[in-house]
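Just below is one structure, and these are the notes that go with it.
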Amino acid sequence: MNNHKPSKSLFESTAKYYEKYRLGYSHEVLGFLIRNFNICNTMNIIDLGCGTGHLARPISRAGAKVFAIDPDPEMLCEGLKAEHKEQQAGINWILGSDKTLRSHGFSNIDLCVMGASFHWMERSEVLDQLNSILNESGAIIILSGGFSAWKEGDTNEWNKIVKETIQEFMGVKRRAGRGTYTHPKEKHEDILAKSVFSNITEREFNFITRLSIDQIIGLQLSMSYASPARLGSQLDAFKKALENKLLRLNAEGIFDCSTTYQVIVGKREK
Numbered sequence: 156m157n158n159h160k161p162s163k164s165l166f167e168s169t170a171k172y173y174e175k176y177r178l179g180y181s182h183e184v185l186g187f188l189i190r191n192f193n194i195c196n197t198m199n200i201i202d203l204g205c206g207t208g209h210l211a212r213p214i215s216r217a218g219a220k221v222f223a224i225d226p227d228p229e230m231l232c233e234g235l236k237a238e239h240k241e242q243q244a245g246i247n248w249i250l251g252s253d254k255t256l257r258s259h260g261f262s263n264i265d266l267c268v269m270g271a272s273f274h275w276m277e278r279s280e281v282l283d284q285l286n287s288i289l290n291e292s293g294a295i296i297i298l299s300g301g302f303s304a305w306k307e308g309d310t311n312e313w314n315k316i317v318k319e320t321i322q323e324f325m326g327v328k329r330r331a332g333r334g335t336y337t338h339p340k341e342k343h344e345d346i347l348a349k350s351v352f353s354n355i356t357e358r359e360f361n362f363i364t365r366l367s368i369d370q371i372i373g374l375q376l377s378m379s380y381a382s383p384a385r386l387g388s389q390l391d392a393f394k395k396a397l398e399n400k401l402l403r404l405n406a407e408g409i410f411d412c413s414t415t416y417q418v419i420v421g422k423r424e425k
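Numbering of the sequence shown is given in the numbering used here, commencing with residue 156 and proceeding in unit increments.
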């Protein structure tokens, strides 16, 4: 399997968990994006690899016209339902991927945001496509980080238990849909530096969220490495095993989750 090529099968069966249990982006992160880029009703913004719209929806609420693109129709369906539940309207939900950008006829786009999706893509090719789509002052915004059971240096004590349990049921190697996954060695910043979007700035945001055992389990089931489809008949056993182990660590069943997000911005040199 190509480790950086998004497909429906990667997140098959995860969409409902993705919408309900993914941690989303803090007010600090969203506020920074909206203020720093003056997001308003005159702007056209692409959310590439949008999932259920955890970025697309707050950006749309700020007034921008948003094109939310994802290869998984279940993700788009959950995003549309959430948009209606929030009494929003106006997001353009598009079935597609980094491979289909030019086919949609986009032009004069102000921003392209990618929340925890850029690593799945052929990154240099995406930037080449965006060069012909973004307007002269356009920018690329990559949000990287967030939670992963495989995150190196994770300080959440309970995450060791999560990873051990996933490996017990899924094997030692990190899964990604029907295949395995290896994180790209070359940093996003280095890919940007070799592109036309080589004017790079970065910001880091740290926050702590309190999670219940149900939320921790649901968060794992939103991931490509522990999807219900891949767990199959072991799903209930996995949930019970993880619950029991977490209760042994903390009988109250409440855990702090320390999370870091990097916001990487790439612009053309003037």
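The beta carbon of each residue, even a glycine, is placed where N, CA and C say it ideally should be.
Non-local beta-carbon contacts of I200 in its own chain, meaning distances under 8 Å to residues more than five positions away in sequence, involve I194, I214, A219, K220, V221, F222, I264, D265, L266, C267, V268 in chain order. Looking at the DSSP output, E357 shares a beta bridge with I419. Under the 10 Å beta carbon count, H182 is surrounded by fewer than 16 other beta carbons and is classified as exposed. Scanning Y180, V327, N314 for the CA closest to the CA of I409 turns up N314. For T364 and M276, the gap between their C-alpha atoms comes out near 29 Å. Residue environment for D202: buried (at least 16 other C-beta atoms within 10 angstroms of its C-beta). In the three-state reduction of the DSSP assignment, N290 falls in the strand class, which pools E and B. Checking the DSSP bridge columns, you'll see L298 partnered with G270, V418. R216 sits in a helix when the DSSP states are folded into three classes. The Cβ-Cβ distance between G300 and Y416 falls below 8 Å.
Judged by DSSP in its simplified three-state form, S168 adopts coil rather than helix or strand. Contact between R212 and Q242 does not hold, since the beta-carbon distance rounds to 11 Å and is not under 8 Å. Straight-line spacing of the CA atoms in V317 and Q375 works out to 8 Å. Rounded to the nearest angstrom, the Cβ distance from S377 to Y176 is 5 Å, consistent with a contact under 8 Å. DSSP lists I409 as the bridge partner or partners of S367. In this structure, DSSP gives D283 a helical state, which the three-state scheme calls helix. At least 8 Å separates the beta-carbon of I321 from that of A392. The continuous alpha helix (DSSP H) containing D391 extends over residues 390–404. About 7 Å separates the beta carbon of S262 from that of I288, a gap short enough to meet the 8 Å contact definition. A distance below 8 Å separates the beta carbons of S353 and E424. Put simply, the backbone Cα of S252 is about 32 Å away from that of L366.
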